[in-house]
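Participant: Would you mind keeping the following structure in view while I ask a few things?
2 protein chains.
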Amino acid sequence: MGEMSEQKRPATRADEIRQVIEKEIFQGNLRPGTRLDEESLAARFGLSRTPVREAILQLVFSGLVVKKPRQGAVVAPLDLHRMVQMFEVMSEVEGLCARYAARRMSPDEKTNLADLHGKAARMCEARDLDEYYAVNRAFHDAIYDGSHNEVLQEMARSLFARLAPYRRYQLNHPHRVDGSFAEHGEVVAAIAAADPDRAQAAMRKHVTIQADIFAEFVSIMS
Amino acid sequence: MGEMSEQKRPATRADEIRQVIEKEIFQGNLRPGTRLDEESLAARFGLSRTPVREAILQLVFSGLVVKKPRQGAVVAPLDLHRMVQMFEVMSEVEGLCARYAARRMSPDEKTNLADLHGKAARMCEARDLDEYYAVNRAFHDAIYDGSHNEVLQEMARSLFARLAPYRRYQLNHPHRVDGSFAEHGEVVAAIAAADPDRAQAAMRKHVTIQADIFAEFVSIMS
DNA sequence: AAGGCAAAATTTGTGTGCAAGATGCCGAAG
DNA sequence: CTTCGGCATCTTGCACACAAATTTTGCCTT
Numbered sequence: 005m006g007e008m009s010e011q012k013r014p015a016t017r018a019d020e021i022r023q024v025i026e027k028e029i030f031q032g033n034l035r036p037g038t039r040l041d042e043e044s045l046a047a048r049f050g051l052s053r054t055p056v057r058e059a060i061l062q063l064v065f066s067g068l069v070v071k072k073p074r075q076g077a078v079v080a081p082l083d084l085h086r087m088v089q090m091f092e093v094m095s096e097v098e099g100l101c102a103r104y105a106a107r108r109m110s111p112d113e114k115t116n117l118a119d120l121h122g123k124a125a126r127m128c129e130a131r132d133l134d135e136y137y138a139v140n141r142a143f144h145d146a147i148y149d150g151s152h153n154e155v156l157q158e159m160a161r162s163l164f165a166r167l168a169p170y171r172r173y174q175l176n177h178p179h180r181v182d183g184s185f186a187e188h189g190e191v192v193a194a195i196a197a198a199d200p201d202r203a204q205a206a207m208r209k210h211v212t213i214q215a216d217i218f219a220e221f222v223s224i225m226s
Numbered sequence: 005m006g007e008m009s010e011q012k013r014p015a016t017r018a019d020e021i022r023q024v025i026e027k028e029i030f031q032g033n034l035r036p037g038t039r040l041d042e043e044s045l046a047a048r049f050g051l052s053r054t055p056v057r058e059a060i061l062q063l064v065f066s067g068l069v070v071k072k073p074r075q076g077a078v079v080a081p082l083d084l085h086r087m088v089q090m091f092e093v094m095s096e097v098e099g100l101c102a103r104y105a106a107r108r109m110s111p112d113e114k115t116n117l118a119d120l121h122g123k124a125a126r127m128c129e130a131r132d133l134d135e136y137y138a139v140n141r142a143f144h145d146a147i148y149d150g151s152h153n154e155v156l157q158e159m160a161r162s163l164f165a166r167l168a169p170y171r172r173y174q175l176n177h178p179h180r181v182d183g184s185f186a187e188h189g190e191v192v193a194a195i196a197a198a199d200p201d202r203a204q205a206a207m208r209k210h211v212t213i214q215a216d217i218f219a220e221f222v223s224i225m226s
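So, in structure tokens, the structure goes:
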């Protein structure tokens, strides 16, 4: 239930490679714009180009990588215009998850969510950004699960993944964790009270704030 | 603008094959559950297994095909539970498209939408189901475009594509076209009036009705 | 006759080679 | 000095071949 890693079965080599590259993109080891050369990746993993190629294709369809027909693949570069749109959709999708969660979460799920929020409180107080980031992901995951709609969950997780490489930046804002934690509290309260409208509004606001901070960040960068 | 075909660049053979298989799934030539044998497909297209394989991988990630690790690929079988969830999400996503469209559509786009609705009126009156279906798709596409959010558009189109094989069934309901047309009218009016709330509600209702009819259909089938 | 085990056959996953397309460089012409 | 065109090189796209795995079939045992 509180599962946040989805490495279910590296049944095939291509899936293995995909998961590794995915992880490296999330962690920032592979920056947006980095070229993904099939041959060097094949050499690195001790495999042939074929599974590497399939892994890259999967990443292309997940949106993390872009690939021009005969020109190779690169980690999806930061496109400000598109980022704004993704955050806009993300706020709606997460809002919907929270709305459904407020209606459908079981008592156990609600307790679990409250526990996660409690753990986040300790991380927030200890100013442990890395751990807070991890708990934050678990928190959002719990709400995705709480929607009890797998299709919506997949959408949310896909968006979360595609935004992950950039979301990290905002944590540099020193007081952001406090704000984030407080907003989470609103959502938890609304879900506990089984109030869909309030849950949706609170979550939308939470993500919108993140989007604003991100926009501010990129405006400084450019 | 009113473009509904997205065969932009058959740059690579794999993309060609994917588009063909996609089309066949939509048209019902390839029923859910049908096995997709790499070798026979390769023979049919006069190519090797490699591009066929890549095409299938793409279809897997688009959700139209499922594939168990060493067990081959089949056209995604009808999963009632999942279908219900997809319709639920579809109603929200289309509702959001309509909401944004009401706020963001240009005068030209609004006229185009009205024209499409007018064309649908003639098809509806003539009881030309096939043509109505085509115009219906163009209508929804126009609203997706009107949202002016490419990420949201992609989501909507992906869902529309995955539901297409089943959506066709509901048109058998003789009087459904009249209802569908009337609901479209509500949406057009709300968008013309630039009323986001009303547009969203009308579109949500429209899709929800489709979902109900679909649910009714499958309950009869089983 | 029925059930289980084993071996063969079919099918997918991976490795390798070759050809086509694209990028970059270098030279020549304006 | 700049710009355009042709060539070289590199990378991807596709074909083909081999290996691994799963399913099916047939035989043997109970």
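Chains B and Y supply the protein sequences, listed in that same order.
Residue numbers for the first sequence, in the working numbering: 5 to 226.
Residue numbers for the second sequence, in the working numbering: 5 to 226.
The beta-carbon is built from N, C-alpha and C at its ideal position, and this holds for glycine as well.
From the DSSP output, in three-state form, read off B:G189 for me.
Facilitator: Three-state DSSP puts B:G189 in a helix.
Participant: Reducing DSSP to helix, strand and coil, say where Y:A160 ends up.
Facilitator: helix
Participant: Can B:A102 and B:V181 be called in contact, C-beta distance under 9 Å?
Facilitator: At the C-beta level, B:A102 and B:V181 stay beyond 9 Å of one another.
Participant: Three or more C-beta pairs closer than 8 Å, one from the stretch 164–173 of chain B and one from the stretch 78–96 of chain B: is that the case here?
Facilitator: Yes, they touch.
Participant: Within the 9 Å Cβ cut-off, does Y:E10 reach chain B?
Facilitator: Any reading at Y:E10 needs caution, since the residue's pLDDT is 39, under 50, leaving its predicted position unreliable; the model's value is listed next. Cβ-Cβ to chain B under 9 Å: no for Y:E10.
Participant: Using a C-beta to C-beta distance shorter than 7 Å, which residues of chain Y count as neighbours of B:E58?
Facilitator: L61
Participant: So, for Y:M127: in the same chain, excluding its five sequence neighbours on each side, which residues have a beta-carbon less than 6 Å away from its beta-carbon?
Facilitator: E135, Y136 and V139
Participant: Based on the DSSP secondary-structure assignment, which residues constitute the bridge partners of B:V70?
Facilitator: Beta-bridge pairing links B:V70 to B:V78.
Participant: Does any CB atom of chain Y fall closer than 9 Å to the CB of B:E98?
Facilitator: no
Participant: With 9 Å as the threshold, decide whether the Cβ of Y:A15 is near any Cβ in chain B.
Facilitator: Yes, its Cβ sits closer than 9 Å to a Cβ of chain B.
Participant: Counting contacts by CB-CB distance shorter than 9 Å, is Y:E7 in contact with chain B?
Facilitator: With a pLDDT of only 38 at Y:E7, under the threshold of 50, the placement of this residue in the model should not be trusted, and no figure is reported.
Participant: Excluding five sequence neighbours on each side, which residues of the same chain lie with their C-beta closer than 8 Å to the C-beta of Y:Q11?
Facilitator: Note on Y:Q11: pLDDT 41, under 50, position unreliable in the model; no value is reported.
Participant: By alpha-carbon positions, which one of Y:R208, Y:S223 and Y:R74 ends up nearest to Y:E98?
Facilitator: Y:R208
Participant: Of all the residues that make up the stretch 142–156 of chain B, which are near chain Y by a beta-carbon distance shorter than 7 Å?
Facilitator: Within the stretch 142–156 of chain B, the qualifying residues are N153, E154, V155 and L156.
Participant: Give the secondary structure of B:L2 by DSSP, where H, G and I count as helix, E and B as strand, and everything else as coil.
Facilitator: Look at the range of chain B in this structure, 5 to 226, and you will see that residue 2 of chain B is not part of it.
Participant: Expressed to the nearest angstrom, what Euclidean distance is found between the alpha-carbon atoms of Y:L61 and Y:L34?
Facilitator: Cα-Cα distance, rounded: 17 Å.
Participant: Please list the partners that B:F65 has in chain Y, where partner means a Cβ-to-Cβ separation under 9 Å.
Facilitator: L61, Q62, V64, F65 and S66
Participant: Within 9 Å of any Cβ in chain Y, is that where the Cβ of B:Q89 sits?
Facilitator: By this cut-off, B:Q89 is an interface position.
Participant: For the alpha helix (DSSP H) holding B:S95, just list the boundary residues, first then last.
Facilitator: L84 to R108
Participant: Is there a Cβ from chain B that is less than 9 Å from the Cβ of Y:M159?
Facilitator: yes
Participant: Compare the Cα-Cα distances from Y:R107 to each of Y:A196, Y:D216 and Y:P55 and report the closest residue.
Facilitator: Y:A196
Participant: Which class does Y:S184 belong to by DSSP, given the choice of helix, strand or coil?
Facilitator: Three-state DSSP puts Y:S184 in a helix.
Participant: Just confirm the distance between the C-beta atoms of B:F143 and B:A124, as a whole number of angstroms; I'd bet it's less than 8 Å.
Facilitator: 6 Å
Participant: Kindly indicate the opening and closing residues of the alpha helix (DSSP H) around B:L117.
Facilitator: P111 to E129
Participant: Applying a beta-carbon distance threshold of less than 9 Å, which residues of chain B neighbour Y:P73?
Facilitator: R13, A15, T16 and D19
Participant: Over what stretch of residues does the alpha helix (DSSP H) that includes B:H152 continue unbroken?
Facilitator: No alpha helix (DSSP H) contains B:H152, which DSSP labels as neither H nor E.
Participant: Counting along the chain, where does the alpha helix (DSSP H) carrying Y:A18 start and finish?
Facilitator: First-last of the alpha helix (DSSP H) with Y:A18: R17 to Q31.
Participant: Would you kindly work out how many angstroms separate the C-alpha atoms of B:V56 and B:D201, rounded to a whole number?
Facilitator: 45 Å
Participant: For the structure I just gave you, are there three or more beta carbon pairs, one from the stretch 74–82 of chain Y and one from the stretch 206–220 of chain Y, closer than 8 Å?
Facilitator: no
Participant: Count the other C-beta atoms from every protein chain shown that fall within 10 angstroms of the C-beta of B:L63, then say buried if there are 16 or more, exposed otherwise.
Facilitator: buried
Participant: Using the beta-carbon of each residue, which ones in chain Y are nearer than 8 Å to B:V79?
Facilitator: Within 8 Å Cβ-Cβ: nothing; B:V79 doesn't reach chain Y, min ~18 Å.
Participant: Quick check on this structure: which residue in B:P81, B:K27, B:R53 and B:R48 has the alpha carbon closest to the alpha carbon of B:R39?
Facilitator: Comparing Cα positions, the closest option is B:P81.
Participant: Suppose contacts are defined by Cβ-Cβ distances below 9 Å. Is B:E1 in contact with Y:R171 by that definition?
Facilitator: With chain B running from 5 to 226 in the structure shown, residue 1 of chain B is simply not present.
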